[in-house]
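Beneath this line is the structure, given in C-alpha cells, with notes to follow.
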Amino acid sequence: MENNVIIALKNISVTFGDNNVLKDLNLNIRDKEFITLLGPSGCGKTTTLRIIAGFVNPDEGEVIFDGKKINDIPPHKRQLNTIFQRYALFPHLNVYENIAFGLRIRKQSEKQIKETVEEMLELVNLKGFNKRNITSLSGGQQQRVAIARALAVKPRVLLLDEPLGALDLKLRKDMQVELKNIQQRLGITFIYVTHDQEEALSMSDTVVVMDSGVIQQIGTPIDIYNEPRNAFVADFIGESNIIDGVMIDDCLVDFSGHRFVCLDKGFDKNEAVDVVVRPEDVDVTEPEKGMLRGTVTSVTFKGVHFEIIVDIGGFKWMIQTTDYHPEGANIGLYIEPDAIHIMKKSEYSGMFGDYSSFSEEFDELSEIDEEEEE
Amino acid sequence: MRRSGTGAKLISVPYVVWAALFIIAPLFFVVYYSFTNAAGQFTLDNIHLLTKYIPTFLRSIWFGIVATLICLLIAFPTAYIISQKSDKIQRTMILLVMLPMWMSFLIRTYSWMAILQDTGLINSFLVKIGIDPVHMINTGGAVILGMVYNFLPYMIMPIYSVMAKLDFSMVEAAQDLGSNRINVIRRCIIPMSIPGVISGITMVFVPSVSTFYISQKLGGGSFDLIGDVIERQFQQSYNYNLGASLSLVLMILILLSMAVMNHFSDEGEMVI
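So the sequences go chain by chain: A and B. Just remember that our numbering sits 669 ahead of the position in the first sequence, which is counted from 1. Just remember that our numbering sits 15 ahead of the position in the second sequence, which is counted from 1.
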C-alpha cells in the first residue's frame, strides 16, 4: 500500500487571515486511484487541491510527490494539471490552440502537437471542433476542451475542482460516467473535489469527507455510506436518522425505549453512542408488530418511494417506504440488526439526524447559499 | 421593437438635431469649402495645392506613430503593474494617471517649455552638477515628448480596464500547463489585452496626428505638423478653402487608420 503512494500531504495547516482553513491534515493518495475530496463549501477541499497544484503554499506541513518534497516547486514545474471550476479556457485561442497550449510551451514539433491534439479531441468526443471558438461552445463542450487541454500534456495526476458544477443534471450524469471511463482508460490519478455526495459515491475509489478543515473520514464509497464514523459523515452522505443510544453489551443497543440487536462490538458497557438508521433500511409494519410505534406527520411522494416523517416519542424519523401511509396513521417500525450502525459520540453529536425541522424548501435554500458562497 | 417605435423616435429628436447641427453641417461645410474658391465657385485648386504639404503630412504621421509606440511601451507595463495591485492601490494609481488631465492642456505644455528650455529646470540642474546643458526645446524629440506626456493616459486607461477584468484563473491555467512568468505574460496576458491596446492606439494616434500647439510651443515652429498648417489657414491666412481641404484629407487619413485598427480589433473579437 505505502509503496504506490504518489502524493502525500503531511501535517498540512493553512490559515487565511484568522480563518483556519486546514488543520493538521494528513492524506495519502495512491497512484492511479480516483479520489474525491467531499465536503460542504468552506470545508477546505478546494484549498487542499490548490496546495497540491501549487497555487497555495501551506503554512505548515509537507507536500510529497513521488517521494520528494515539492513545497517550493512552482505550479508550472509540477507533473500535474488542473481542471478549473469555470474551465479557464483561453478566449483568444480556438479549440485546437487551447489544447495545444501546454504542448507549445514544451516546444514540441508541429507534427507531434497535431497528433496529440487530434488524439485528445477524440478522447473527449470533440472530433472536428479544431477551429471552433471557445465562446461558441456549450458548457459541456467547454468542459471537454478543458479536460483535453489538461490531459494533452500527459500529467500523472489530474486535479478536478468541481468540474461539473456548472452543467445541468443530465449532462452532469453523462460526464460523470465519461470522466470515470477516461480515468480508467488512461490509468492516471484523479483528485476530484465536489460537494455533491452522489457524484462522489458513484465515481470514486476513495472518498475523503472533510468538514471545517479536518478530514472526517477516508474510505471506499460503500464504507463511507455504511460505516460513517460520526454524525457529520452520516448526515452529509445520504439521509440518516441519528438517535442517542446506549450500548448495553456487544451487539445490543438501547434507543428510543427499546433494545435492539445489532452487529457492532467493541464499545464500553453502557457507553453513550450515536445510532444511525438509514431511512431505506426501516420496515413499516402494523403498530402491534413493530419494535417502535409512531405517528406519521408528513408524507412526500418521491416517485420511487414515499418519504414519510414519523414521530416516535418526540423524535422525528425519516422513513422511505413503497407503501402509502396517510398523515396521522399509527404505524410500527421493524429494524433488522444489520440496518443499525453504531458510532462513537463526537463533536457533531446532536447536530444532525433529527427531521423535526426538516423541509425540502429549507434544504434547497441552504444549497443556494452554498453556491453563492463559492 | 415596434412597441417603442414612436416613443424612441421622439426621444431621439434632440440627438438628431444636435448631430445635424454639430456633426453633419460642419462636415458638409468642410467638403463644400474644400471644393470651392473664395468666390464660392467649384474648383480643384485647393486639392492641387495640397501636394505642397505632403512633407508636413508625412511628418505628422511619423510623429504620431512614434508617439503612439512610445505611449504603448510605457502604458502596457504600467497598466499591468497597476492591475496587479490591491483595489485600493489601483484606485490611487489610476487617480495619479488621470491627475494631469485635470489641468489645462495649455498650462501643461507651457510647463514643459519651462522644464526643457536651454535655461530651464533640467539644464540649470545639469549646470549645477557640472554637466554641459543639453539643447532640448525646439527639437522633434521635445514635440514627441509633449505628445506622449499629453496622451499617455488615453493609452493606459483602456489597457488597464481590460487587464483589470482579466480572469486570474486564466493565469493559473497557463501556469498549470507549464508557463513560467515570461510565458504567462507572452502567451496569456498580452494576447488577452489586445482589445485594450487597439483602442489605446486609436485614442493616442488620432489626437497625435492632428495636434497643433504642442509642435508650436515645444518645436519652436520648425516642426510644423498638419494641425498647425490648418490652424494657420483659418487664423492667419484666412484661406478657409485650403484649410478645409487640408482638414478633409486629414480626416480621411484618420478614418482610414481607424478602419485598419477596427479591422484588427474585429479579428481580435472573433478570436476573443
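From the three backbone atoms N, C-alpha and C, an ideal C-beta is built for every residue, glycine too.
query	result
With three or more C-beta pairs closer than 8 angstroms as the rule, is the stretch 86-94 of chain B touching the stretch 168-175 of chain B?	yes
Classify Asp735/A as buried or exposed, calling it buried when 16 or more other Cβ atoms lie within 10 Å of its own Cβ.	exposed
Quick check on His745/A: does DSSP put it in helix, strand or coil?	helix
Under the rule that 16 or more other beta-carbon atoms within 10 Å means buried, what is Ser355/B, buried or exposed?	Residue 355/B lies beyond the residue range present for chain B, which begins at 16 and ends at 287; the question has no answer from this structure.
So which of Ile204/B, Tyr47/B, Phe227/B, Thr71/B has the shortest CA-CA distance to Asn61/B?	Tyr47/B
Does the beta carbon of Val683/A sit closer than 8 angstroms to a beta carbon anywhere in chain B?	no
Taking only beta-carbon positions, decide if Ala757/A is within less than 8 angstroms of chain B.	yes
Of all the residues that make up the stretch 183-212 of chain B, which are near chain A by a beta-carbon distance shorter than 8 angstroms?	Ser184, Met185, Glu187, Ala188, Ala189, Gln190, Asp191, Leu192, Gly193, Ser194, Asn195, Asn198, Arg202, Cys203, Pro206, Met207, Ile209
In angstroms, rounded to a whole number, what distance separates the CA positions of Ile720/A and Ser682/A?	10 angstroms
Can you give the Cα-Cα distance for His745/A and Gly797/A, rounded to whole angstroms?	29 angstroms
CB-CB under 7 angstroms to Gly926/A, same chain, minus the five flanking residues each way: which ones, in chain order?	Gly982
Leaving out five residues before and five after Thr2/B in sequence, what residues of the same chain have Cβ atoms less than 6 angstroms from its Cβ?	Any property of residue 2/B remains undetermined from this structure, which presents chain B solely from 16 to 287.
Going by beta carbon distance, what residues of the same chain come within less than 8 angstroms of Gly211/B, once the five residues before and after it are set aside?	Ala94, Pro173, Ile174, Tyr175, Ser176, Val177, Met178
Are any of the Cβ atoms in chain B nearer than 8 angstroms to that of Ala769/A?	no
Is the stretch 113-123 of chain B touching the stretch 238-247 of chain B, taking contact as three or more C-beta pairs under 8 angstroms?	no
Output needed in chain order: residues of the stretch 722-737 of chain A with a Cβ under 7 angstroms from some Cβ in chain B.	Ala722, Phe724
Does Asn799/A have its Cβ less than 8 angstroms from a Cβ in chain B?	no
Apart from the five residues on each side of it in sequence, which residues of its chain come closer than 7 angstroms, Cβ to Cβ, to Asp239/B?	Thr71, Ser230
Shorter than 8 angstroms from the beta carbon of Arg841/A to some beta carbon of chain B?	no
If we count the other Cβ atoms within 10 Å of its Cβ and call it buried at 16 or more, is Asn850/A buried or exposed?	exposed
Name the chain B residues that come within less than 7 angstroms of Arg947/A, Cβ to Cβ?	In chain order: nothing, as chain B lies at least about 39 angstroms away.
Does the beta carbon of Pro832/A come closer than 8 angstroms to any beta carbon on chain B?	no
For Gln251/B, which three-state DSSP category applies?	coil
Count the other CB atoms within 10 Å of the CB of Met1020/A; is the residue buried (16 or more) or exposed (fewer)?	exposed
I'd like the list of long-range same chain contacts for Val221/B, defined as Cβ closer than 6 angstroms, with 5 residues on each side in sequence excluded.	Ile269
Please confirm whether Ile860/A and Leu828/A have their CB atoms less than 8 angstroms apart.	yes
Which residues of chain B have a Cβ atom closer than 8 angstroms to the Cβ of Asn750/A, listed in chain order?	Asp191, Leu192
Taking the alpha carbon of Asn999/A as the reference point, which residue from Tyr1017/A, Lys737/A, Ala1008/A, Ile978/A has its own alpha carbon closest?	Ile978/A
Counting only Cβ-Cβ distances shorter than 8 angstroms, please list the residues of the stretch 761-785 of chain A near chain B, keeping chain order.	His761, Leu762, Asn763, Phe770, Gly771, Arg773, Ile774, Arg775
Looking at C-beta atoms only, is the number of pairs between the stretch 763-774 of chain A and the stretch 799-806 of chain A that lie closer than 8 angstroms three or more?	yes
Does any residue of chain B have a CB that is nearer than 8 angstroms to the CB of Val822/A?	yes
If we define contact as Cβ-Cβ less than 8 angstroms, is Phe753/A a contact residue for chain D?	Protein chains in the displayed structure are A and B, and chain D is not among them.
Can you tell me the Cα-Cα spacing of Leu36/B and Ser208/B, whole angstroms?	38 angstroms
Of the choices His1010/A, Tyr1003/A, Lys971/A, Asp937/A, whose alpha-carbon is the least far from that of Thr954/A?	Tyr1003/A
Would you mind sorting Gly215/B into buried or exposed? The rule is 16 or more other CB atoms within 10 Å of its CB.	buried
Going by other Cβ atoms of all chains shown within 10 Å of its Cβ, with 16 needed for buried, is Trp33/B buried or exposed?	exposed
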